[in-house]
Amino acid sequence: MTTPVVTAWPLLTLLLPLAGALAAIGWPAGTPRGWRRPLLTVCSATTVLLTFAFVPPVLRGLTLEAQLLQITPQTWIVLRVDAAGVLYGATAALLWLLALVYAFGYLHGPNLGRVFATLMMCLAAAMGVAFAGNLLSFFVFYELLSVLTYVLVVHEETPRALAAGLKYLVYVLVGGSLVLCGVLLTFAASGDMAFQAGGLFAADVAPQTVLLAFACFLAGFGVKAAIMPLHGWVPDAHPAAPAPCSALLSGVLVAAGGFGLIRVSFEVVGVTLLRELGVMPWLGGLATLTVVVAALLALRQDDLKRRLAYSTISQMGYLTLALALLGPVATVGALVHLVHHAFMKGTLFFCAGSFAHATGRRGMASLAGLAARTPLTAAAFTLATLGMIGVPPLSGFVSKWWLGIGMLESEAPYALVVLLMGALLAAGYLLPVVFTLYFRSPVTGPLSEAPEAGVAQRARAIEGRASLLLATGVAALLTVVLGVAANVAGFPAALAQRAVAGFFGGP
Amino acid sequence: MEVVDVRPLLAPLISFACAGLVFAMGRSVFWRRFWSLTAAAVKLLVVLSMLPGTLQGTVFVFDVVEFTPGVGIAFRADAYGMFFSLVSSTLWVLTTIYAIGYMQGDKDRVRFFGFFALCVSTTVGIAFAENLLTFFLFYETLTICTYPLVVHAETPQALRAGRIYLTYTLIGGGLALIGSVMTLNATGSLTLGQTGILSADLGTFTLVTIFVTLVVGFGVKAAIMPLHGWLPIAMVAPTPVSALLHAVAVVKVGAFGVTRVIYNVFGAELLQTLGYASYLGALAAFTILAASVMAIMQDQLKRRLAYSTVSQLSYILLAASLLTPLAALAATVHIANQAFAKIAMFFVVGAIGRVTGKTRVGELAGIGAVMPWTMAAFTIAALSFVGLPLFAGFATKWYLSLGALQADAWWFVVVMLVSSVLNAAYWFPIIHLAYFKTAETAAAGDDRAARDPAAEPRSLRREAPLTLLVPILICAAYVILLGTTAEVVGMPTSLAEVAVWQSFGLEAPAP
């Protein structure tokens, strides 16, 4: 491994969003109100460009490092840009920009300063999660991200949102404590915490200690990654949060749990030790359960956002399943899926938000025939649905392809069956939505006449609102581009291969 | 290296002189304020002037008077004492500013500020006490001086609280005296300047009796369960008193005393072989959890804060009882971490009470919009107690857990983690009420809140006056500083490290 290049650039990924957070609450005082949104957009967009700029050096095999603070005598908060980090970081930053643009059109009413400032602080925390160079730094940003997200979940302040927020908080705090437990055990046993391909435990550490630490990580990150039976907060928090925030919950926050699992498995414990411990088959079993059961539960949800939330649980199960196989190609698949899923699910949640805005209701029945009024949004929804099912050449197909090949390479054909079941069930719970949008005629009757007129008006407004359409359109476009151009250098697959080469001790 | 220096005596004397001046000239508002503020500032400067020396391992000593050979009043400013006195002197400055704002128009202010200064004087005396006699002398003086402050309101309720307070602490003081006398009898010395003066060949009975009497005697003020009964009751005192005395000075003196007993009377090595400390640790762990559960059930803000204090103080006792260097570091830094966060909270509660008249948790709906800066400070303090990284409380959690693992006591790690979740359970509802509920939605039917002017939509923004707000914000800023800049020279952690080396009789590693 080459020595890291010390540079201040990674720090900017934290500072830019924080500057945005200040702009969101109108600081420095006297900044005209009209500047806030452009300023936020600039901060967020620059962060995206910055993460993209990290791609070429990382692909050349360099790592960039910046030291931030020394919070205990033993440990610094270190930012280190490597392939896996750029992969997650660029995804988070880009999805964030889209969600922000979407939110400009979507969010109205009181407390806007609060929610935008929190969004930007969360972005900073997410960048920290992506680029954390050691276990403690990772934990620091991970906890901050978890707790700050609470504000996004309860933004609407309805009793439902508050209840979901409470549930969320209990889950993530307990999960965070377990992660901390793992961090402590690791530090006490190894005296070091810098992420290191191949693991950082010395050979003489008792296997029980490693097992205990890994179990803590698994349970802790498992809460965030929504591994069943730790998924309870997901189906409540997603519908409660405003649509752009739901997109981020799915694409970045749940993914943070999966990303943490990947980091810990390959760069804290290490492949060799994991194989010896023999816990991965158990994790694989849980992942299988998650993929199938969550998809089955998704089938019977009437609330679209709740359905999508279960879909997220199911899809993140792929990631865990692939991770459990401990094969290089499967891991590439897991990383690629993390990225592709983020944009597909982002598209779906953006569309769900627009639909809900148009109809003012949440149930499946309200979507009937809506495609005629919101053709573009419905088209984006359809595209993302096809992506989720894994229709070529969309991005969902590419990640499933990698996953499938990986599963065969790891000689786990049963996993392939799980993958296919997941895809079929995805068709089962998403295609009916598409069908309802296009082919079911709106329920008409004397009572619904007046609301219908309102729907038509609101639907036109939704389709006419540039920021909603722009964000949804770009996210849908990414679903296609990431699929078609999957093999271009600098796209997720290349980065994932670079990262995995490190994990498995390659060049 | 020991250096004879008058400053360890000077520090308590300044507050003592201030008390005298306040009593003499305090009828004039100007002179009362002038002497209070000047003395607080001068004392802080005196203590600070010793800091560079202490960081290099210098111990300042000063013998005042000897009654019999080896027994007398003497001061010794080692790193641990410096740490404690630095925290209490810094907070004295802030609390004085706050108290001037808070007590405006209250009665008997001469008595209040006079005894306030006396309490701070004795606290520093305890921090710098060279031997158990000096320690005991100031410890009892503190008990007496706090009484007028507790009963300040002179309501029947306050007088009753004062009685209970005196009963608890005087009995505790008596026990501590018995322990001190037995120590003198057994060893011929009372010094706190060594890493342990007792030895294992004294016999189990003597050792157990000394341990129990001293730890229980000091433990009363540290409010370890089941000796905590006085603390929630004493919350009838005015808020600045609750803040400085019942979050910092008085209760920390108890914890400080127990730590001194563990490291300087017994010594970590001896206790390690005797194993008594594990009982103390178990009791402290029980207190941490039980007090947190009690805190969840309190609706009165100050009572919730009081139970939280009971819980947090036991962090120090638990850490000290683990007898490992990292845990000792946790015990030391927690003195500062808890103090700044808790005092910020008390200040906030006092400010809310003064501005809006609200004292119960249930009334706080929508207060975040009314007093945004104040509640921001409260949020920071709460996040610190929950142990979120980058806040002061995380440092304690981190060192204490590592120390427990060092001592092979993994169940204390579990206690720590459960406790941080419990902390979330009683602080987050307040934050939640403050920011995410408006008074109208929360108090449908509760006409008391509905009649409150703060509840009216967009009457908004009634921030506390600056004398209250500035100390609050400084404390909150300090909570973040403590959590993020642990390794900056001159920050409390570096001092705490020196204290730990001295407690364990280790040589400082070469810089």
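The listed protein sequences derive, respectively, from chains A and B.
Quick note on my numbering: the first sequence kicks off at 0 and runs consecutively.
Quick note on my numbering: the second sequence kicks off at 769 and runs consecutively.
Ideal Cβ placement from N, Cα and C applies to all residues, glycine included.
Just so you know, these numbers come straight off a predicted model, no measurement behind them.
How would you write the range of the beta strand (DSSP E) that Trp75 (chain A) sits in, first residue to last?
Thr74 to Val80
Under a CB-based cut-off of 7 Å, is Trp1195 (chain B) close to chain A?
no
Taking 7 Å as the threshold (beta carbon to beta carbon), is Ser136 (chain A) in contact with chain B?
no
List, in order along the chain, the chain B residues whose C-beta lies closer than 7 Å to that of Leu179 (chain A)?
Leu1185
So, does the CB of Ala236 (chain A) fall closer than 7 Å to a CB anywhere in chain B?
no
State buried or exposed for Pro9 (chain A), treating a residue as buried only when at least 16 other CB atoms are found within 10 Å of its CB.
buried
Spell out whether any CB of chain A is found under 7 Å from the CB atom of Pro820 (chain B).
no
Around the C-beta of Asp81 (chain A), are 16 or more other C-beta atoms found within 10 angstroms, so that it is buried, or is it exposed?
buried
Assign Phe1146 (chain B) to one of two classes, buried (16 or more other C-beta atoms within 10 Å of its C-beta) or exposed (fewer than that).
buried
Between Ile1120 (chain B) and the rest of its own chain, which residues show a CB-CB distance below 6 Å, the 5 nearest in sequence each way excluded?
Lys1126
Starting from Asp831 (chain B), trace the beta strand (DSSP E) both ways and give me its first and last residue.
Val827 to Thr836
Euclidean distance between Cα positions of Thr882 (chain B) and Cys1243 (chain B)
The displayed chain sequence assigns Gly, not Thr, to residue 882 (chain B). Each residue's Cα considered, the two are about 24 Å apart.
C-alpha gap between Ile1111 (chain B) and Arg1122 (chain B), whole angstroms:
16 Å
Would you kindly work out how many angstroms separate the C-alpha atoms of Arg306 (chain A) and Leu476 (chain A), rounded to a whole number?
23 Å
Collapsed DSSP secondary structure at Gln1066 (chain B) in the structure displayed:
coil
Compute the distance between the beta-carbons of Pro544 (chain A) and Ala308 (chain A), then report whether it is under 7 Å.
The question about residue 544 (chain A) has no answer, for chain A in this structure spans 0 to 506.
When the distance is taken between beta carbons, is Trp232 (chain A) closer than 7 Å to Thr170 (chain A)?
For the sequence presented, residue 170 (chain A) should be read as Tyr rather than Thr. Taking 7 Å as the Cβ cut-off, Tyr170 (chain A) and Trp232 (chain A) qualify as a contacting pair.
Sequence-distant residues of the same chain with beta carbon closer than 6 Å to Thr1293 (chain B), five excluded per side
Any answer about residue 1293 (chain B) is impossible in this case: the structure gives chain B only from 769 up to 1279.
So, Leu94 (chain A) versus Ala341 (chain A), is the Cβ gap smaller than 7 Å?
yes
Proximity winner among A:Phe51, A:Leu68, A:Phe138 and A:Pro158, relative to Gly1155 (chain B) (alpha-carbon distances)
A:Phe138
Could you check the C-alpha separation between Asp1067 (chain B) and Leu99 (chain A) for me, to the nearest Å?
39 Å
Same chain, Cβ closer than 6 Å to Asp1214 (chain B), five either side skipped, listed in chain order
Legend: pLDDT at Asp1214 (chain B) = 43, less than 50; position of this residue unreliable, value from coordinates given subsequently. Nothing listed; no residue qualifies.
Under 9 Å, CB to CB, which of the residues in the region 1228–1255 of chain B have a partner in chain A?
Gly1251, Thr1252, Thr1253, Ala1254 and Glu1255
Do Ala808 (chain B) and Thr858 (chain B) come within 7 Å of each other at the CB atom, strictly closer than that value?
no
Give the straight-line distance between the Cα atoms of Leu177 (chain A) and Ala214 (chain A), rounded to the nearest whole angstrom.
9 Å
Between A:Phe349, A:Ile70, A:Gln314 and A:Val57, which has its C-alpha nearest Asn133 (chain A)'s C-alpha?
A:Ile70
Contact set between Ser1271 (chain B) and chain A, taken where Cβ atoms lie within less than 7 Å:
Ordered by position in chain A, no residue passes the 7 Å Cβ test against Ser1271 (chain B), which lies about 17 Å from the chain.
Quick check for students: name the residue ranges of the alpha helix (DSSP H) that lie wholly in the region 274–352 of chain A, counting only runs of 4 or more.
279–298 and 303–324
Ignore the nearest five residues each way along the sequence and tell me which others in Leu415 (chain A)'s own chain have a CB closer than 7 Å to its CB.
Gly403, Met406 and Leu407
Chain B contact for Ser176 (chain A) (CB, 7 Å cutoff)
yes
Taking the alpha-carbon of Pro1197 (chain B) as reference, which of B:Ala1109, B:Met871, B:Val1257 and B:Met1065 has the nearest alpha-carbon?
B:Met1065
Taking only beta-carbon positions, decide if Glu155 (chain A) is within less than 7 Å of chain B.
no
Report yes or no: is there a C-beta of chain A within less than 7 Å of the C-beta of Phe1204 (chain B)?
yes
So which residues on chain B does Phe186 (chain A) lean against when the C-beta distance must stay under 8 Å?
Leu1170
Leaving out five residues on either side along the sequence, give the residues of the same chain with a beta carbon under 6 Å from the beta carbon of Val173 (chain A).
none
Distance check for Asn1191 (chain B) and Val152 (chain A), CA to CA, integer angstroms please.
21 Å
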